[in-house]
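Chemist:
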């Protein structure tokens, strides 16, 4: 059973559209959940692409990498701790004054507008910046990495399918990961 309130980062950012999300997707974003999956991770093989993935601490390619996502919250942020096999990837998400979602991975900040389409959650990239402490350097679109992401209900199931594709200027496709998520309640 999920609460009918707009508590939490994603419900606040989406407002009434939160209730247009498929219930499977809403459950993935509720407190007290550990999300598990096996993700297919694809990546470009070039030297520069490997260097960029390494600098951003992105996982290596795999056909079925066991994946675990633990989301912890405080009053202003969510910490998304992903484990792909033995590889950890931690990002911090927060709401911005303009109603967009900011997600930081190391010195890189990505901004997204959240949109609900047919019960799916779509992340529409709205910008990118390099950050160090309070210092923030917005990146022009031609220089910024691009992330396309979507969460949707798996056909006929109680799982969510996640698609994430990352590209970078002058490199093109950098990596993608995709898999079905299942949320487990944590005691």
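Residue numbers (the numbering used here): 20 to 206. The C-beta atom is built at its ideal place from N, Cα and C for all residues, glycine as well.
(1) Where do the N-terminal and C-terminal ends of the beta strand (DSSP E) with residue 157 fall, by residue?
(2) Would you check if the distance between the CB atom of residue 143 and the CB atom of residue 67 is smaller than 8 Å?
(3) I'd like the span of the beta strand (DSSP E) that includes residue 172, first residue to last.
(4) Fully enclosed by the stretch 76 to 143, which beta strand (DSSP E) runs are 3 residues long or longer?
(5) So, with DSSP's three-state summary, where would you put residue 32?
(6) On the three-pair Cβ rule with 8 Å, is the stretch 42 to 52 touching the stretch 183 to 199?
(7) Would residue 119 pass as a contact of residue 103 if the rule is Cβ separation under 8 Å?
(8) What's the call for residue 193, buried or exposed, on a 16-neighbour Cβ count within 10 Å?
(9) Could you tell me the boundaries of the alpha helix (DSSP H) in which residue 185 lies?
(10) Between residue 50 and residue 92, is the Cβ-Cβ spacing less than 8 Å?
(11) Pull up the CB-CB distance for residue 179 and residue 199, whole angstroms please, since I reckon it's below 8 Å.
(12) Measuring CB to CB, does residue 127 end up less than 8 Å from residue 156?
(13) Which two residues bound the contiguous alpha helix (DSSP H) that contains residue 60?
(14) Am I right that residue 195 and residue 113 are in contact with their C-beta atoms under 8 Å? What's the rounded C-beta distance?
(15) Rounded to a whole number of angstroms, what is the C-alpha to C-alpha distance between residue 89 and residue 138?
Modeler: Result, derived from the coordinates:
(1) Start and end: 154 to 157.
(2) Result no, Cβ atoms of residue 143 and residue 67 do not sit closer than 8 Å.
(3) It spans 165 to 172 - the beta strand (DSSP E) in which residue 172 sits, taken as one unbroken run.
(4) Runs of the beta strand (DSSP E) spanning 3 or more residues and lying entirely within the stretch 76 to 143 occur at 81 to 92, 96 to 103, 106 to 114, 120 to 124, 127 to 136, in chain order.
(5) Reduced to three states, the DSSP call for residue 32 is helix.
(6) Too few Cβ pairs lie closer than 8 Å, so no.
(7) Not closer than 8 Å, so no.
(8) By the 10 Å Cβ count, residue 193 comes out buried.
(9) Run containing residue 185: none in the alpha helix (DSSP H); it sits in the beta strand (DSSP E), 179 to 187.
(10) Inclusion of residue 50 and residue 92 in the CB contact set at 8 Å is warranted, their separation being smaller than that value.
(11) Contact between residue 179 and residue 199 holds, since their C-beta atoms are separated by about 7 Å, short of 8 Å.
(12) Cβ distance not < 8 Å, so residue 127 and residue 156 don't count as in contact.
(13) It is not in any alpha helix (DSSP H) - residue 60 instead sits in the beta strand (DSSP E) that spans 52 to 62.
(14) A Cβ-Cβ distance of about 25 Å is found for the pair residue 195 and residue 113, leaving them out of contact under the 8 Å criterion.
(15) Computed Cα separation, rounded: 23 Å.
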